[in-house]
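The sequence shown begins at 49 in the working numbering and counts up by one.
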Amino acid sequence: AWGGSALTDDIDLPQDRDLAAMAANIPITYVPARNTIFLSFALAYAEAIAANQVYIGVNALDYSGYPDCRPDYIEAMQSVYRLGTKQGREGQPIEIVAPLINLKKTEIIELGNKLGVPWSHTWSCYAGSDTACGVCDSCRLRLAAFAELGLSDPVTSSFTP
Numbered sequence: 049a050w051g052g053s054a055l056t057d058d059i060d061l062p063q064d065r066d067l068a069a070m071a072a073n074i075p076i077t078y079v080p081a082r083n084t085i086f087l088s089f090a091l092a093y094a095e096a097i098a099a100n101q102v103y104i105g106v107n108a109l110d111y112s113g114y115p116d117c118r119p120d121y122i123e124a125m126q127s128v129y130r131l132g133t134k135q136g137r138e139g140q141p142i143e144i145v146a147p148l149i150n151l152k153k154t155e156i157i158e159l160g161n162k163l164g165v166p167w168s169h170t171w172s173c174y175a176g177s178d179t180a181c182g183v184c185d186s187c188r189l190r191l192a193a194f195a196e197l198g199l200s201d202p203v204t205s206s207f208t209p
């Protein structure tokens, strides 16, 4: 069983923190090796079906606090993909594509709007409830990004940033 995180254990989620506090340290919501696990499963599946790309949605705000969302981590995992697979050793490595890695939340929302994302069908909340809590770090960041763009978030619109 995984543990050591407010997302996996009975540990209180941080609430109502400002951005500086969120970025100061690796947050208690960090799940040990989460993206390593996800990328490992994705690699195994991609190689099994002879795919040449794996996508991950890490972004600039994520890597301000999470070590497994940073560009240097993605580059290191790309080396694992290249060195640890038959495809990689045969000169056809599976590429990790992180299209949002240099985007801020506001830029992601702008891109989503251009692509017609139905925001009411998306979820950022860490609380694990049927409705967004509006106070966890993820909700706060989402609220702030929509507000900065002068938009109302259909999921968290009943809360204030």
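Just so you know, even glycine gets a beta-carbon here, dropped at the ideal spot from N, CA and C.
Residues bridged to V102 [DSSP beta-bridge criterion]: I144
Considering only C-alpha positions, which residue in the set Y93, D201, A108 is nearest to E155? A108
Closest to Y174 by C-alpha separation, out of G164, G160, D185, G136, would be which residue? D185
Boundaries of the alpha helix (DSSP H) in which I157 is found, first to last residue: 153-163
Does the beta-carbon distance from I149 to A94 come in below 7 Å? no
DSSP on A195, reduced to helix/strand/coil? helix
When the Cα atoms are used, what is the spatial distance from Y111 to Y121? For Y111, the predicted structure reports a pLDDT of 49, less than 50, and the residue's modelled location is therefore unreliable. A value from the coordinates is still provided. Their Cα atoms are separated by approximately 10 Å.
Rounded to the nearest angstrom, what separates Y131 and R137 at their Cα positions? In the sequence under discussion, the amino acid at residue 131 is Leu, which differs from the Tyr named in the question. So the alpha carbons of these two residues sit roughly 6 Å apart.
Among G182, S168, G176, I144, whose alpha-carbon lies nearest the alpha-carbon of N83? I144
Check whether L197 and I157 have beta carbons under 7 Å apart: yes
8 Å contact criterion, which G176 and T204 should meet: CB distance rounded: That belief does not hold up - the Cβ atoms of G176 and T204 are roughly 15 Å apart, past 8 Å.
How is the alpha helix (DSSP H) around N150 delimited, first residue to last? Unbroken run through N150: none, as it is neither H nor E.
Output needed for E123: all residues of its chain with C-beta closer than 7 Å, excluding positions within five of it in sequence on either side, in chain order. none
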